[in-house]
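Q: Quick one: this structure, given as structure tokens, is what I'll be asking you about.
There are 2 protein chains.
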Amino acid sequence: MTNVYNFCAGPAMLPVEVMKQAQQEFLNWQGCGSSVMEISHRSKPFVQLAEQAEQDLRDLLAIPDDYHVLFMHGGGRGQFAAVPLNLATQGQAADYLTTGSWSSAALTEANKYVVANEVAKARQIDGLWAVPEQSAWQVNNNAAYFHYCPNETVDGIELPDLPDVSAPIVADMSSCILSKPIDVSRYGLIYAGAQKNIGPSGLSVVIVKKDLLKGPQASTPAIFDYALQGKEGSMYNTPPTYAWYLAGLVFQWLKKQGGVNAMEAHNRAKAELLYQCIDDSDFYRNQVAKPYRSRMNVPFQLANPSLDAQFLKQAEQQGLTSLQGHRSVGGMRASIYNAMPLAGVQALTEFMREFERSMG
Amino acid sequence: MTNVYNFCAGPAMLPVEVMKQAQQEFLNWQGCGSSVMEISHRSKPFVQLAEQAEQDLRDLLAIPDDYHVLFMHGGGRGQFAAVPLNLATQGQAADYLTTGSWSSAALTEANKYVVANEVAKARQIDGLWAVPEQSAWQVNNNAAYFHYCPNETVDGIELPDLPDVSAPIVADMSSCILSKPIDVSRYGLIYAGAQKNIGPSGLSVVIVKKDLLKGPQASTPAIFDYALQGKEGSMYNTPPTYAWYLAGLVFQWLKKQGGVNAMEAHNRAKAELLYQCIDDSDFYRNQVAKPYRSRMNVPFQLANPSLDAQFLKQAEQQGLTSLQGHRSVGGMRASIYNAMPLAGVQALTEFMREFERSMG
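Chains as they are written, first to last, in our numbering: chain A, 1 to 360; chain B, 1001 to 1360.
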């Protein structure tokens, strides 16, 4: 198979142009005779690459100067620990809104370092997942920060609006960063595992307001010390250099596409097409209330789940890969991040209609 | 420049055959139509790759079954924290032998979690670095473990023999793993950042005796919990999949070369050639006592340091790259890990002799 549309939730597909460039210069980067992964992170060419990547990300999201942009090890789950370690003193309270698997896991990890307060929890109403109205949240006025996950990869639940809370907002944007414009100044901290909208797995990006860093808890591993990594340009330890390089290529690709404004339109068009296909039929369904449907991860079920295996097999045969739902929920899921072209979603919806017809 | 010998200490050169294969299958791995970095870590083909890589490493080092082999985030510095968090209770004593920059940094980090006792420290005798005889070490009989770094990358100091201590031995083998046979059963834990002898940066490998894991300290970030990662096949969180894939290719390459026995001979030949060149001349010198000279990282100085810049520039012009010493010590350093061919060291020594002649 050489032409596929890969709907994997992560590690996810990267832009084809980026992958082709990376392949072309794989053995000999910028004529240096070595791969970019074989040179020192402290060498002039790599430092230049690293700084350019940071600048491009700052440009794309209009990140203010009083925020650090960090390129770190450890993925999103590493940040589940790093966030409380850096933003709260031991045993301080922190608020967590749980809207799915990832924000729930973040809360569990945080309880090692803070008293994590679940302000509210997504729940099913008439069979559809929804997030309680903010007026019903149990917010703690002494919380060091408010943590939430604007887009839940497993559950396909997205919060359209920024919560209106007084504590600094921490957002796990692993599966939605760079998918639309945001106002960074309204966040205290944004983090994202790279493997969905940024690059390969093994890298996480942290955007943090500098004045929130009063000194980490005593038990903080040095590699998770945001202030230290900020001071050292994310090179306190050897960073994941190849992932950083690929992230930089993705940022340049995004700029060429027209940045996050263009991505917002691109992603909205894809999501509308796919949800329309689901809603047009009784054969498929999505179990998230419309205001909370994710533009990035679209879980859907067949009304007759005994056809799941057949659906997945035929889709695979047509080059529509990695459509199985997360192992914890089953069914199907199409992850349609920035790098997924509209043509991929068109091919998917055509297949879905054809499959439904063939089962008629 | 297209033909270079890259002496970078890390991220270091990878075997040319490995890099060529990786480039060739970069966009379409095993005919799946996607890059190996674009597929789920839980997909059957990736799990197979991951298990094969682990098995190959087990074969290469004859790792007993009662050891976990973990593929983790965070590099060597991450393990500086993970080791005490997993092997000792809070405030317990642990022994550290400090023979250079990395073991000293490991001790500093460990003091967050244990009472780290410096059993001895490398020192200069008549201008040459040496490690005190073991009879002079201040070993703590209650130490949870004994930590050392068999090869110090920055300082070029290698310990030829395994320390004879009663506590479980923890070895930071970042710059010497797989460079010669070892008896894993004599260690409690071995760890290595990948970017020297295994693969790209962003991956660390941990080999740990299962029965040493009594439960980590309460403040251990979950991604650093060895027992948990062991139980989950290093997939508690999304691992750095592309680095894991490249590590697997390196392990297969090592097997084809004849394994660690062949590497030992290969590395000895390279190191002898280079030290001979240094010792044959008053123009160059190495400041490590002969029994402690590293086979992997060979630091050397010019008797006249004002020629350093000229040496480095001319070397670079001849395709001998990344020979500058670590920023903390200056001078020159040639890192000659497994992937460096003998021809690279021959080219370097020829250049060194020629440079000396031209300065005569």
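All C-beta atoms in this analysis are idealised placements derived from N, C-alpha and C, irrespective of residue type, glycine included.
Runs of 4 residues minimum, wholly inside the region 1078-1158 of chain B: which ones carry the alpha helix (DSSP H) assignment?
A: As far as the region 1078-1158 of chain B is concerned, its whole alpha helix (DSSP H) runs of at least 4 residues are 1101-1110.
Q: Under 7 Å between beta-carbons, which chain B residues line up against glutamate 109 of chain A? List them in chain order, please.
A: Against the first sequence, residue 109 of chain A aligns to sequence position 109. Result: Ala1222.
Q: Suppose contacts are defined by Cβ-Cβ distances below 7 Å. Is tyrosine 1145 of chain B in contact with leucine 1070 of chain B by that definition?
A: Position 145 of the second sequence, counted from the first residue, corresponds to residue 1145 of chain B. Position 70 of the second sequence, counted from the first residue, corresponds to residue 1070 of chain B. Against a cut-off of 7 Å, the Cβ pair of leucine 1070 of chain B and tyrosine 1145 of chain B comes out as no contact.
Q: Under 7 Å, Cβ to Cβ, is there at least one residue of chain C near glutamate 38 of chain A?
A: Of the protein chains in this structure, namely A and B, none is chain C.
Q: Quick one: does proline 1362 of chain B have its CB under 7 Å from some CB of chain A?
A: Outside the shown range of chain B (1001 to 1360) lies residue 1362 of chain B, about which nothing can therefore be said.
Q: Determine the chain B residues that contact leucine 14 of chain A at a beta-carbon separation under 7 Å, and present them in chain order.
A: Your numbering for residue 14 of chain A matches position 14 in the first sequence. Here the neighbours are Glu1038.
Q: I need the straight-line Cα distance from proline 1015 of chain B to leucine 128 of chain A, nearest angstrom please.
A: In the second sequence, the residue the question calls residue 1015 of chain B occupies position 15. In the first sequence, the residue the question calls residue 128 of chain A occupies position 128. Distance between the alpha carbons of proline 1015 of chain B and leucine 128 of chain A: 53 Å.
Q: Rounded to a whole number of angstroms, what is the C-alpha to C-alpha distance between methionine 1001 of chain B and cysteine 32 of chain A?
A: On the second sequence, residue 1001 of chain B is found 1 positions in, with the first residue counted as 1. On the first sequence, residue 32 of chain A is found 32 positions in, with the first residue counted as 1. Since pLDDT at methionine 1001 of chain B reaches only 49, below the 50 mark, its modelled position is unreliable, and no value is offered.
Q: Could you check the C-alpha separation between aspartate 59 of chain A and alanine 269 of chain A for me, to the nearest Å?
A: Indexing the first sequence from 1 puts residue 59 of chain A at position 59. Indexing the first sequence from 1 puts residue 269 of chain A at position 269. Taking the straight line joining both Cα atoms gives about 24 Å.
Q: Out of B/His1041, B/Glu1025, B/Arg1042, which one is the CA nearest neighbour of serine 1035 of chain B?
A: Your numbering for residue 1035 of chain B matches position 35 in the second sequence. Measuring from the Cα of serine 1035 of chain B, the nearest candidate turns out to be B/Glu1025.
Q: Counting only beta-carbon separations shorter than 7 Å, does methionine 1 of chain A have a partner in chain B?
A: The count along the first sequence starts at 1 and reaches residue 1 of chain A at position 1. Caution applies to methionine 1 of chain A, whose pLDDT of 49 falls short of 50 and renders its modelled position unreliable; the model cannot decide the point.
Q: Residues in its own chain within less than 6 Å of isoleucine 963 of chain B by CB, not counting five upstream and five downstream?
A: What the structure shows of chain B is the stretch from 1001 to 1360, and residue 963 of chain B is not part of that stretch, so it cannot be assessed.
Q: Counting C-beta neighbours from all protein chains within 10 Å, is the total for threonine 108 of chain A 16 or more, i.e. buried, or is it exposed?
A: On the first sequence, residue 108 of chain A is found 108 positions in, with the first residue counted as 1. Classification for threonine 108 of chain A: exposed.
Q: In this structure, does DSSP put leucine 27 of chain A in helix, strand or coil?
A: Counting from 1 along the first sequence, the entry for residue 27 of chain A is found at position 27. It is coil, neither helix nor strand.
Q: Here's the rule: buried if 16 or more other CB atoms are within 10 angstroms of the residue's CB, otherwise exposed. What is leucine 342 of chain A?
A: Counting from 1 along the first sequence, the entry for residue 342 of chain A is found at position 342. Flag for leucine 342 of chain A reads exposed.
Q: Note down the Cα distance separating tyrosine 67 of chain A from serine 179 of chain A, rounded to an integer number of angstroms.
A: Position 67 of the first sequence, counted from the start, is the residue given in the question as residue 67 of chain A. Position 179 of the first sequence, counted from the start, is the residue given in the question as residue 179 of chain A. C-alpha separation (whole angstroms): 20 Å.
Q: How should glycine 331 of chain A be labelled, buried or exposed, when 16 other C-beta atoms within 10 angstroms of its C-beta is the threshold for buried?
A: Within the first sequence, numbered from 1, the residue matching residue 331 of chain A stands at position 331. Glycine 331 of chain A should be labelled buried.
Q: Does DSSP classify threonine 1349 of chain B as helix, strand or coil?
A: Taking the first residue of the second sequence as position 1, residue 1349 of chain B is located at position 349. Helix, per DSSP.
Q: Cysteine 1176 of chain B: which of B/Asn1140, B/Val1298, B/Leu1212, B/Asp1211 sits nearest, CA to CA?
A: Position 176 of the second sequence, counting from 1, holds the residue named residue 1176 of chain B. Comparing Cα positions, the closest option is B/Val1298.
Q: Using beta-carbon positions only, say whether valine 1131 of chain B and tyrosine 1275 of chain B come within less than 7 Å of one another.
A: Locating residue 1131 of chain B in the second sequence gives position 131, where the first residue counts as 1. Locating residue 1275 of chain B in the second sequence gives position 275, where the first residue counts as 1. Their beta carbons are not under 7 Å apart, which means valine 1131 of chain B does not touch tyrosine 1275 of chain B by this criterion.
Q: Just the C-alpha distance for proline 1160 of chain B and valine 1206 of chain B, rounded to the nearest angstrom, thanks.
A: The sequence position of residue 1160 of chain B within the second sequence is 160, counting from 1. The sequence position of residue 1206 of chain B within the second sequence is 206, counting from 1. Those two C-alpha atoms are separated by around 21 Å.
Q: Could you tell me how far apart the beta carbons of proline 239 of chain A and methionine 1037 of chain B are, in whole angstroms, since I believe they sit closer than 8 Å?
A: On the first sequence, residue 239 of chain A is found 239 positions in, with the first residue counted as 1. On the second sequence, residue 1037 of chain B is found 37 positions in, with the first residue counted as 1. Proline 239 of chain A to methionine 1037 of chain B, Cβ: 17 Å. No contact.
Q: With C-beta atoms as the reference, is proline 941 of chain B less than 7 Å away from alanine 243 of chain A?
A: The displayed coordinates of chain B run from 1001 to 1360. Any statement about residue 941 of chain B would go beyond what the structure contains.
Q: Work out the CA separation of glutamine 1314 of chain B and serine 1358 of chain B for me, nearest whole Å.
A: For the purposes of this step, residue 1358 of chain B is taken as residue 358 along the second sequence, with counting starting at 1. For the purposes of this step, residue 1314 of chain B is taken as residue 314 along the second sequence, with counting starting at 1. For serine 1358 of chain B and glutamine 1314 of chain B, the distance between alpha carbons rounds to 11 Å.
Q: Could you give the distance in angstroms between the alpha-carbon of valine 1170 of chain B and the alpha-carbon of histidine 1147 of chain B?
A: Along the second sequence, one-based indexing puts residue 1170 of chain B at 170. Along the second sequence, one-based indexing puts residue 1147 of chain B at 147. Their Cα atoms are separated by approximately 5 Å.
Q: Only counting the same chain, and skipping five residues up and downstream in sequence, which positions put a Cβ closer than 8 Å to that of glutamate 1158 of chain B?
A: Along the second sequence, one-based indexing puts residue 1158 of chain B at 158. Counting only Cβ-Cβ distances below 8 Å, and skipping sequence neighbours, we find Pro1150, Asn1151, Glu1152, Cys1176, Tyr1292, Arg1293, Ser1294, Arg1295, Met1296.
Q: Can you name the residues that DSSP bridges to proline 299 of chain A?
A: By 1-based counting over the first sequence, the position of residue 299 of chain A is 299. Note: proline 299 of chain A sits in a beta bridge opposite A/Arg333.
Q: By the 7 Å beta-carbon criterion, what residues does the region 24-35 of chain A contribute toward chain B?
A: Result list: Phe26, Leu27, Asn28, Gly31, Cys32, Gly33, Ser34, Ser35.
Q: Among the candidates A/Gly344, A/Ala9, A/Thr349, A/Glu356, whose CA atom is the shortest distance from the CA of serine 174 of chain A?
A: Within the first sequence, numbered from 1, the residue matching residue 174 of chain A stands at position 174. That would be A/Ala9, whose Cα lies nearest to the Cα of serine 174 of chain A.
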